[in-house]
Every structure is written in C-alpha cells, then in structure tokens.
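Trainee: Residue numbers (the working numbering), protein chains in the order written: chain C, 78 to 384; chain E, 6 to 305. Quick one: the structure is below, and I'll ask about it shortly.
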Amino acid sequence: MPAKIAHSKRRRRWSFTRLSSWTFTGVALVTLGGGLILLLLESLPIWRHSGNSFITGTRWFFRQSEFGAAPMIYGSVTVALIALLLAAPIGIAAAVFGVEYLPPKLRLALKITVELLAGVPSVVYGLLGILLLRNWIYKLFQDFDLLSGDTLLTAAVLLAVMVLPTIMTLADDALRGVSGSQRMAARGLGLNATETALHVSLPQAFPGLLAAVLLAFGRAIGETIAVFLVIGRQDNQWPSSLLSLGPLFESGQTLTSKLGGSETNIAYGQPLHWAAMMGLGLLLLVLVVGITLSAVGLQRISRRHEA
Amino acid sequence: MKSTTKLVFATTAFLLVGLLSGCGEARSGGDSGFESGSAKKPLKINGSTTVNLPVAEAAEMLRAGADMEIQVDTQGGSSGGISMLGEGLVDLGMTSKHVSDDDRAKFPGCNFRETHIGEDAVALIVSKDVWEGGVKSITKQQAAGIYERRITNWSELGGADQRIAFFNKEPGRGTWEVFAHWLYNDPKTAPQASFPEVGGNEETRNKVASTKGALSQLSSSWADGKTVYALAIKTEAGETIEPTGANIANHSYPMSRPLFLLSNGEPQGGAKRFVEFVLSEEGQDLVRKHGYLGLADLAK
C-alpha cells in the first residue's frame, strides 16, 4: 500500500496537464515581464530627461522636446470611469435580473446574446461611433454649444457599450456563485425575490461584482481604435479642476489614442521622442496590469467567500 | 514513466518552437523586395491616403491583368510610408512630400528613391454652413491667425457668428506639411498648436461635413463641393485663386505638392513593374481620374 501511494503521488507531480500549465504560465509571465522590461529600457531616456514630470507634466510639444503625459492619463482614466458609471449599473442589473428572476434557459439565451456583443470587432464600434454617436451627442448637447461631436463623453458612451458584455457576464458568474441554499433559506424566511437579491445575493457576490467592474475598467483603458475615432485626439487638454465636467464636452486624448496615432511613426529614430512614446506604453501597461491584478485578487476573495 | 516525461518535454518544446518560429516568419515576410509581386511574395505598398487612390486602382488592374499579388495599405500616411519602407516592411512607399534629410538620417540603411507620379493641391475646406454664410476665400494672414488662435470666430472673416471648429491634420501627414510650409516656410518652425486632430482624407471630410463652423486641410481632389467646400486663397493684391488644375500646374495656387512612389534604390521586380505601370499612359489616366495633375499636365 505505501508503495502504491508514493507511486500515485509521483504520477500526479508529472502529469501532462500540470506540466503544460506550468510551462505556458511561465511563457505568459516571461512575455509580460519581458514586455515591461523592454518598455522600461526603451523609455529610459525620457525618465532621465524629465523624471517625474513625464507623469505630472501637462504640456506635450514634441518638437520642443516637452513631454508631459498627465492630460493623456487624465483622458484615459476619465473616459474609462464615465464608461463604467454608465455600464456598471446596467450590466449588474441585467445580471441580477438573469440570475434571480429569469428561468435558466432564458438566462442562458440572454447571456449568449450579450456575449455575442463582446465579439464585435472594436473598429466596427468605432465606425458606428463616427456614423451615429458623434452626431447624436453633437445634437443632444446643442445648447452647450459643442465645438464638435468628438468629445470625451462620446468616447465614454461608446466604451460603455463595449464593456457592457464584460460586466454583465462576469457579474452573472459572481451572482451564480452564491449558493442556492442561501437563497432557499432567505425565501424560507419569507423574503421575496427582490429582497433576496438585495440582502443576500448582492452582498455575498460583492467582491465578485467589484472584480467584474475592475476587469471592465482594464478593458476600457486599453481600448484603442474605437476611442481613437471619436475622441478628437486633441493634445494638452488639462482641466482647470479635476472634478469639473466641462472637459467631458471637449475633445481630448487618451494614452491609447496617442499611441495609435501618427506620432509613433514620427518618433521612430528620434531617441527622446521615441522614449516618450514608449513611456506612454509603459504607463498604459502598468495601469492595465495593476487593475487586472487587483480584480483577480478580488475574485479570489469572493471565491473563498463562496467556499 | 520516463518515456511519458520525455514525450511531454518533446511536445512542449515542439509547441514552443512552433510558436516562436511562427512569430519570426510573420516579421521577415516583407524583408526582401526583389522577387515581390510574384505568386509567393505579395508586393507590399503603404503610405499616404492621397496617393492611395490611384495606386489602389492601379493595383486592382495589375492583380487582374498581370496576375500580381499586391497589398496596399495607408497606415500613418506619408511618414508611415517612409518609415515602413525604411524598415523594409514594404516594397514601395506612397508619399505626398519629399523625403527629408531627417528621414534619411533615421534610416541610413535605406536608399530612398522618389519617383514623381503627379501633383496635388491642399485645399482649406469648410462645412456647408460656413460656405453658405458667405466665407468663400481666406488670406494667408487669416489662416495663420486661426492656427495661432487669434481668430476664433467666422464673423472675423465676414461670415456668420459661429465659432471656428478647426480640425488639424495630424503631424506626419503630407497635407499638414504643405499647409505649414505655406504659412511658416518650414514645418519645423510652425508654432505648436493643440487642436482636435484628423488623420485620413475620409475621416477629415466626414468630420468637417458633420460639424458646424468646421475648417480643415484636405487634398483638393476630395473637396467635392457638395459636403465640403474648398476656400479660394486671397492674395495680398486682392486676387482670389481657386485650387483648379490650371492654377496648380502654373503654381499660382500656393499649396501644391508632389506625389511620389518611394523605393529603396532602383525599383526591382514587381515593384519596377508597378512603377512603370503608374507612369504609363494608363496609370497617368488613373492619377488624373482622381483629380490630381499628371506629369504631362505639369510639363505644359
């Protein structure tokens, strides 16, 4: 018997699944780490040239060698935050409706339909944004005398539509993780479906829901082409106050729309300008990785909750 | 047991090698420009959306007529054409500006060769409400005033009381350089201005057409006179000059620019065939068809 146990243990240690998952996890980690290191090395000249003011500086004039990324960080974060403000309530409400009220078959149909939306290429969303959304926003806010339909708000609304499937499907997973016996108990105590959702499912699934929103945030920050087409790509739009709403109705620039633009071509071969562009890439990667990691952390906490 | 382990290692190694070599192949595809255009290696062309119009159509004809495989793309405009040719990613670049000494310094390994295929003008285009509001021409001083934000309302140009929504062509575009050259003699000395930026010609036309009080720079052949309108240039003598073919050819219209196909040294193989086709009678007809001037028009 002892021999047999030892044997099976060794077999588990060297199983194909185990080995290949370790290998490919390793490949993923090395790729990510390599990317970070490469961007850091490529952007070294700009950190030497500007130091912290690369992040805090509000002026970007590449011909004068002035590189301040703050307006772009502001653009990226603002657009993604507004997108989440719009998409999170709808996405989570849709997930609650699916899990708590709909019969399982209908819930699945709803989930599949929403997930189909996630598969639409982002350039298609961008073109729809140019064709419909720009003009809609332009007309809707006519009284505010918008200069054009290319605004941070336009980009945010477009992103909201794009991250909705992510939020909904992940929120759905989080809510379904709440065990059925808890719901049964709640109903047994006389709570109706709405009360059960509000007082049992939602609090229990909270870390998972937060993770859903954070993952959507990461996706929104990284989105390039759709934002690129409707945001106006105007540099140096630093707001007078970080909380003012005015900039939402003006053109702006995000980290991704800058990197997707023609400046990357111009920067090539000019060490400092190139380093500045790579610096933007580094900031973007750090932002996305940071957000995703905290989301995954939250998901783990929520799973432990369930167990 | 040992043989299973070996098998696992072998499989993993095989997969990894496959992955890595796959990446390598994709990159090296465009490196050699010699036998391009044959059945195996497609002829790759990238650059200016302005030059793209006749070139894409020429590519279409050669694909059908001469059985050549040709990919035409417009990533990054003229400077995208220059940098992709410089890196050896494409066989021909399309540009609507000369290759600068800076570009040559950036890519010392590339012997840029310009083949002149025609001439185009840059128009300042406005949206319908501006045109109908009575603004039909602009002076150099007024254009500079708008670019430097000293003029922000169309009423200062004799139009309606409407803010000027200026869409600036993004840096690196041939159109922008011609505009900056006209106003400031050298694009490098142009004041840095932050306006909403537009890229390709389609985007520019679409955004100007759908925005009130809009102004932008656009290749004159795209100014259709239905959705967007080209302003005439008013000289100091009070003469108005429209971007017509005759005015471009005799250079009285100030913002015109040459259109080039770029190659690394003398074009070879498929690239040579392509360049020869564009320079032929048939190819030059395509250049004219899209509203540009052919080489013969310029010689007149």
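Quick reminder that beta carbons are idealized off the backbone N, C-alpha and C, glycines included. From a predicted model like this one, the values you see are computed outputs, not experimental measurements.
1. Using a C-beta cutoff of 8 Å, does arginine 184 of chain C count as contacting chain E?
2. Using a Cβ-Cβ cutoff of less than 8 Å, which residues in the same chain neighbour glycine 139 of chain E once the five nearest sequence positions on both sides are dropped?
3. Nearest by alpha-carbon distance to serine 192 of chain E: which of E/Thr232, E/Glu175, E/Val131, E/Asn206 is it?
4. Would you report the Cα separation of arginine 184 of chain C and alanine 303 of chain C, rounded to the nearest angstrom?
5. Look up methionine 149 of chain C in the DSSP assignment and give the residues it is bridged to.
6. Asparagine 269 of chain C: buried (16+ other C-beta within 10 angstroms of its C-beta) or exposed?
7. Does DSSP put isoleucine 122 of chain E in a helix, in a strand, or in coil?
8. So, does the CB of glutamate 287 of chain E fall closer than 8 Å to a CB anywhere in chain C?
9. Measure the Cβ-Cβ separation of threonine 180 of chain E and arginine 168 of chain E and say whether it is below 8 Å.
10. Might you give, ordered along the chain, the residues of its own chain that have their beta carbon closer than 6 Å to the beta carbon of alanine 232 of chain C, omitting 5 neighbours on each side?
11. Listed in chain order, which residues of the segment 86-105 of chain E have Cβ atoms closer than 7 Å to some Cβ of chain C?
12. With distances taken between CB atoms, is the gap from leucine 97 of chain E to leucine 266 of chain E smaller than 8 Å?
13. What would DSSP say about alanine 352 of chain C, mapped onto helix, strand or coil?
14. Counting pairs of Cβ atoms below 8 Å between the segment 143-158 of chain E and the segment 231-250 of chain E, do you hit three or more?
15. Does the beta-carbon distance from methionine 99 of chain E to valine 131 of chain E come in below 8 Å?
16. When DSSP builds the beta bridges, which residues end up paired with glutamine 222 of chain E?
17. By how many angstroms is the C-alpha of leucine 118 of chain C removed from the C-alpha of alanine 251 of chain C?
18. To the nearest angstrom, how far is it from the Cα of asparagine 57 of chain E to the Cα of aspartate 106 of chain E?
19. Just how far apart, CA to CA, sit serine 379 of chain C and leucine 115 of chain C?
20. Distance cutoff 8 Å, beta carbons only. Does arginine 168 of chain E sit that close to anything in chain C?
21. May I ask you to list, following chain order, the residues of the segment 222-244 of chain C that have a beta carbon less than 7 Å from some beta carbon of chain E?
22. Specify the secondary structure class of methionine 260 of chain E as computed by DSSP and reduced to three states.
23. Can you round the beta-carbon distance between alanine 289 of chain C and valine 277 of chain C to whole angstroms, since I take them to be within the 8 Å contact cut?
24. When the distance is taken between beta carbons, is alanine 164 of chain C closer than 8 Å to alanine 293 of chain C?
25. Mind checking if glutamate 175 of chain E is an interface residue toward chain C, Cβ cutoff 8 Å exclusive?
26. Where do the ends of the alpha helix (DSSP H) carrying phenylalanine 282 of chain E lie?
27. Run through the segment 262-331 of chain C for me and flag every whole alpha helix (DSSP H) of 4 or more residues, listed as ranges in chain order.
28. Under a CB-based cut-off of 8 Å, is phenylalanine 138 of chain C close to chain E?
29. Any idea if glutamine 219 of chain C is buried or exposed, counting beta-carbon neighbours within 10 angstroms, 16 or more meaning buried?
30. Among the candidates E/Arg210, E/Ala214, E/Ala242, whose CA atom is the shortest distance from the CA of tryptophan 227 of chain E?
31. Taking all protein chains shown into account, do 16 or more other C-beta atoms lie within 10 angstroms of the C-beta of glutamine 76 of chain E, making it buried, or fewer, making it exposed?
32. To which residues of the same chain is arginine 154 of chain E closer than 8 Å at the C-beta, ignoring the five residues directly before and after it?
33. Using beta-carbon positions only, say whether arginine 333 of chain C and threonine 301 of chain C come within less than 8 Å of one another.
34. Based on Cα-Cα distance, which residue from C/Leu224, C/Gly299, C/Asn212, C/Pro280 lies nearest to leucine 236 of chain C?
35. Rounded to whole angstroms, what is the Cα-Cα separation between glutamate 202 of chain E and threonine 240 of chain E?
36. In this structure, does DSSP put isoleucine 238 of chain E in helix, strand or coil?
Mentor: This is what the structure holds:
1. To locate residue 184 of chain C, count along the first sequence from 1; it is residue 107. Not closer than 8 Å to any Cβ of chain E, the Cβ of arginine 184 of chain C fails to qualify, so no.
2. The count along the second sequence starts at 1 and reaches residue 139 of chain E at position 134. Same-chain partners within the cutoff: Gly163, Gly164, Ala165.
3. Stepping through the second sequence from its first residue, residue 192 of chain E is reached at position 187. Correcting the residue type first, residue 192 of chain E is proline in the shown sequence and not serine. Out of E/Thr232, E/Glu175, E/Val131, E/Asn206, E/Glu175 has the C-alpha closest to the C-alpha of proline 192 of chain E.
4. Taking the first sequence and counting its residues from 1, the one referred to as residue 184 of chain C is at position 107. Taking the first sequence and counting its residues from 1, the one referred to as residue 303 of chain C is at position 226. In a straight line, the C-alpha of arginine 184 of chain C is about 29 Å away from that of alanine 303 of chain C.
5. If you number the first sequence from 1, residue 149 of chain C lands on position 72. Answer by DSSP bridge pairing: none, since methionine 149 of chain C is not bridged.
6. Here residue 269 of chain C refers to the residue found at position 192 when the first sequence is read from its first residue. When all chains shown are included, asparagine 269 of chain C counts as exposed.
7. Locating residue 122 of chain E in the second sequence gives position 117, counting from the first residue. In this structure, isoleucine 122 of chain E counts as strand in the three-state DSSP scheme.
8. Here residue 287 of chain E refers to the residue found at position 282 of the second sequence. Cβ-Cβ to chain C under 8 Å: no for glutamate 287 of chain E.
9. Taking the second sequence and counting its residues from 1, one reaches residue 180 of chain E at position 175. Taking the second sequence and counting its residues from 1, one reaches residue 168 of chain E at position 163. Contact flag unset, no.
10. Within the first sequence, numbered from 1, the residue matching residue 232 of chain C stands at position 155. So the list reads Val156, Val304, Val307, Ile308, once near-sequence residues are dropped.
11. Ser88
12. For the purposes of this step, residue 97 of chain E is identified with residue 92 of the second sequence, where counting begins at 1. For the purposes of this step, residue 266 of chain E is identified with residue 261 of the second sequence, where counting begins at 1. Against a cut-off of 8 Å, the Cβ pair of leucine 266 of chain E and leucine 97 of chain E comes out as a contact.
13. Position 275 of the first sequence, counted from the first residue, corresponds to residue 352 of chain C. DSSP places alanine 352 of chain C in helix when its eight states are reduced to three.
14. yes
15. For the purposes of this step, residue 99 of chain E is taken as the residue at position 94 of the second sequence. For the purposes of this step, residue 131 of chain E is taken as the residue at position 126 of the second sequence. No; because the gap between Cβ atoms is not below 8 Å, this pair is not in contact.
16. As a working mapping, residue 222 of chain E is identified with position 217 in the second sequence. E/Leu129, per the DSSP bridge assignment.
17. As a working mapping, residue 251 of chain C is identified with position 174 in the first sequence. As a working mapping, residue 118 of chain C is identified with position 41 in the first sequence. Looking at the two C-alpha atoms, the distance is approximately 39 Å.
18. As a first step, residue 57 of chain E must be located in the second sequence, where it is residue number 52. As a first step, residue 106 of chain E must be located in the second sequence, where it is residue number 101. Straight-line Cα distance between these residues: approximately 24 Å.
19. Along the first sequence, read from residue 1 onward, the residue named residue 379 of chain C stands at position 302. Along the first sequence, read from residue 1 onward, the residue named residue 115 of chain C stands at position 38. Spanning the two alpha carbons is a distance of roughly 34 Å.
20. For the purposes of this step, residue 168 of chain E is taken as the residue at position 163 of the second sequence. Closer than 8 Å to some Cβ of chain C, the Cβ of arginine 168 of chain E qualifies, so yes.
21. Leu224, Ser225, Gly226, Asp227
22. Stepping through the second sequence from its first residue, residue 260 of chain E is reached at position 255. Methionine 260 of chain E falls in the coil class under three-state DSSP.
23. The count along the first sequence starts at 1 and reaches residue 289 of chain C at position 212. The count along the first sequence starts at 1 and reaches residue 277 of chain C at position 200. Not confirmed; about 18 Å, so no contact.
24. The residue you call residue 293 of chain C lines up with position 216 of the first sequence. The residue you call residue 164 of chain C lines up with position 87 of the first sequence. Yes. Within cutoff.
25. Translated into positions along the second sequence, residue 175 of chain E becomes position 170. By this cut-off, glutamate 175 of chain E is an interface position.
26. Here residue 282 of chain E is taken as the residue at index 277 of the second sequence, counted from 1. It spans 274-284 - the alpha helix (DSSP H) in which phenylalanine 282 of chain E sits, taken as one unbroken run.
27. 270-273, 279-299, 302-307
28. Mapped onto the first sequence, residue 138 of chain C falls at position 61. Yes, phenylalanine 138 of chain C lies at the interface with chain E (some Cβ there is under 8 Å from its Cβ).
29. Your numbering for residue 219 of chain C matches position 142 in the first sequence. Label assigned to glutamine 219 of chain C: exposed.
30. Translated into positions along the second sequence, residue 227 of chain E becomes position 222. For the residues E/Arg210, E/Ala214, E/Ala242, the minimum Cα distance to tryptophan 227 of chain E belongs to E/Arg210.
31. Position 71 of the second sequence holds residue 76 of chain E. The residue in question, glutamine 76 of chain E, is exposed, as its Cβ has fewer than 16 Cβ neighbours within 10 Å.
32. Position 149 of the second sequence, counting from 1, holds the residue named residue 154 of chain E. Result list for arginine 154 of chain E: Ala198, in chain order.
33. As a position in the first sequence, residue 333 of chain C is number 256, starting the count at 1. As a position in the first sequence, residue 301 of chain C is number 224, starting the count at 1. According to the sequence displayed, residue 333 of chain C carries threonine and not arginine. Contact: yes.
34. Numbered from 1 along the first sequence, position 159 holds the residue referred to as residue 236 of chain C. Cα-wise, what sits closest to leucine 236 of chain C is C/Gly299.
35. For the purposes of this step, residue 202 of chain E is identified with residue 197 of the second sequence, where counting begins at 1. For the purposes of this step, residue 240 of chain E is identified with residue 235 of the second sequence, where counting begins at 1. C-alpha separation (whole angstroms): 27 Å.
36. Residue numbering aside, residue 238 of chain E sits at position 233 when the second sequence is read from its first letter. In the structure shown, isoleucine 238 of chain E sits in a strand (DSSP, three-state: E or B).
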